[in-house]
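I have placed the structure first, in the form of structure tokens, so that the comments after it can refer back to it.
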Amino acid sequence: MFNDWWKGVSEQLPQLREQLTEQINQTLAPWLPSLVEEVKVGKHHLRILRKLGEGGYSFVYLAEETLPETSPASTPPTSGIHSSPQPRKYALKKVLAGEKEQLSLAEREILVMKRELPKHPNLLPLIESQVVKAETYVVYMLFPLMETNVWDYVQDRLKSNLPLSTLEATHIFSKLCHALHAMHSTGPGQTVALSHRDVKPHNILLSTQKPLPPELLVETSKSSSSVKMDRTGADADDAAHLIVTASASSSSQQKQPRLPHAVLMDFGSVAPAEVQITSRTDALVAQEDAERRTTAPYRAPELWDVPSSCTIDTKVDIWAAGCVLYYLLVGESPFERTAEAGGSLMLAIVNGQWSWPAGIEQKYPKELRDLVDICLKSDPAERPSAAELLEMIQNMNSLTI
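Using this note's numbering, the letters of the sequence shown correspond one by one to residues -7 to 393.
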């Protein structure tokens, strides 16, 4: 018993030490600049500014280049001949790999992003990575910096009494579908089809800095509008390629809205697109893996009680995508609402028990709500593919801006 207790404490020590170091640095750094941590990840010399988030044995920091005057990654002056170049900022993920399994998982995540994941505007790219051996292994992963994630974005909007519009929700959902379609497919540069396995609002990053490109035309009208979508997945200037048209007259006097650019992130749970289960042992392993690597309110029913003979495929991502769309419209997953009402989360998911809040039909069109319905079919075979979802979005003709 003591050995088990000590093993548990030992496994927690690196995380506790990192948290304590973070608190000390945050408190004293303004007075003792030497405490600011600097790291080198590949060719990037970085200064850690502050913590953005944490989970398990990983921490995500805001970091910036420490050599702006010589680094090609520095951004150019924005105004005036005497302006100094601004150091480029990044998101730096730091994984404390105290155990071989943690190191193996981190290295697998890097391998997926470098060799298996397709390059796509809606998939977060890995800029650089490095494994450092200190008292324990530390794995660094460097990513582009995005402003927020879908979870925080929706919560902030709801707090401001500004729920997402039909256009915004459809746009973000379509970007997610493009990302999943890219992962689920094989093609140039991608020989292996993949399943994300942990699609959720926290894992969809957003940036609203870039305005809509000129080719995205928005015209307002009292009549209903149609939505047409380019299904290639190639964004114009890394921004939206959702084209909204209506029968209104000129929109030149309208101020262009800004739809967020969305990317899917966190590929630590990625699995092959199809996993064959041929025994009870296989089923239990898959079920335990799902418990560790997926988020319960977005976990498909086939992952809660895995049959001894089945195929787990990309439809688990489609289920999660339906939960994300519901979240975009309501502000919580459909099964969190059931749990809050006193029901069992697992039973609600396995039995497909969920509902819309009162008044939702006045806020969002039936065509958009139907996408949630079809994604949350209990039978995976009845759920559409990501490509079919994009086709459905393209064929919508009653979205109101």
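The beta-carbon is built from N, C-alpha and C at its ideal position, and this holds for glycine as well.
Go ahead and pull the three-state DSSP assignment for residue i.
i, result
"Glu139", "coil"
"Ala55", "strand"
"Tyr356", "coil"
"Ile366", "helix"
"Glu120", "strand"
"Asn114", "coil"
"Met133", "strand"
"Arg223", "In this predicted model, Arg223 has a pLDDT of only 35, less than 50, meaning its place in the structure is not dependable; the value taken from the coordinates is given anyway. Coil, per DSSP."
"Glu294", "helix"
"Glu374", "helix"
Would you grab the beta carbon distance between residue i and residue j for me? Rounded to a whole angstrom, and I think it's under 8 Å.
i, j, result
"Ala98", "Val131", "4 Å"
"Phe165", "Leu320", "6 Å"
"Glu294", "Ile304", "6 Å"
"Val255", "Leu116", "5 Å"
"Lys369", "Arg375", "5 Å"
"Glu30", "Leu41", "No, Glu30 and Leu41 are not in contact; Cβ-Cβ is about 11 Å, not under 8 Å."
"Leu317", "Phe327", "Not really, about 14 Å apart at Cβ, beyond 8 Å."
"Leu251", "His163", "5 Å"
"Gln279", "Val308", "About 12 Å; that fails the 8 Å criterion."
"Phe51", "Lys86", "5 Å"
"Glu139", "Thr200", "6 Å"
"Phe259", "Val104", "5 Å"
"Ser301", "Cys315", "Actually they do not touch by this definition, with Cβ atoms about 27 Å apart."
"Lys420", "Ala312", "Here the chain covers residues -7 to 393 and nothing more, so residue 420 does not appear."
"His253", "Leu134", "Incorrect: roughly 19 Å between the Cβ atoms, too far for contact."
"Leu88", "Thr128", "6 Å"
"Val342", "Trp296", "5 Å"
"Ala282", "Arg291", "6 Å"
Pull the bridge partners of residue i from the DSSP assignment, please.
i, result
"Arg42", "Leu54"
"Met105", "In DSSP, Met105 forms no bridge with anything."
"Leu382", "Answer is none; Leu382 lacks a bridge partner."
"Ala89", "Tyr129"
"Leu97", "For Leu97, which the question treats as bridged, DSSP gives no partner whatsoever."
"Tyr82", "Ala55, Pro136"
"Gly47", "Ser50"
"Val33", "His36"
Taking 6 Å as the cut-off, is the beta-carbon of residue i closer than that to any non-hydrogen atom of the ligand ATP?
i, result
"Lys86", "For the structure depicted, the ligand ATP is absent and the ligand set is empty, with no information on it obtainable."
Does chain B have any CB closer than 7 Å to the CB of residue i?
i, result
"Ile304", "The structure shown contains no chain B; it holds only a single protein chain."
Open item on the list: With three or more C-beta pairs closer than 8 Å as the rule, is the region 184 to 198 touching the region 136 to 147?
Closed with: yes
TODO: Would you mind listing the alpha helix (DSSP H) stretches within the region 148 to 211 that are 4+ residues and don't spill past its ends, in chain order?
DONE: 158 to 176
- [ ] For the region 296 to 354, list the alpha helix (DSSP H) runs that are entirely contained and at least 4 residues long, ordered along the chain.
- [x] 307 to 322, 326 to 332, 337 to 342
Task: Continuous alpha helix (DSSP H) assignments of at least 4 residues falling wholly in the region 240 to 292 - done: 272 to 285
- [ ] Take every Cβ of the region 147 to 158, pair it with every Cβ of the region 93 to 112, and state whether three or more of those distances are shorter than 8 Å.
- [x] no
Task: Cβ contact (3+ pairs, closer than 8 Å) linking the region 263 to 270 and the region 174 to 189 - done: yes
- [ ] Count the C-beta pairs between the region 169 to 176 and the region 101 to 112 that are closer than 8 Å, then say yes if the count reaches three, no if not.
- [x] yes
Open item on the list: Any contact between the region 375 to 384 and the region 351 to 367? By contact I mean 3 or more CB pairs, one from each, below 8 Å.
Closed with: yes
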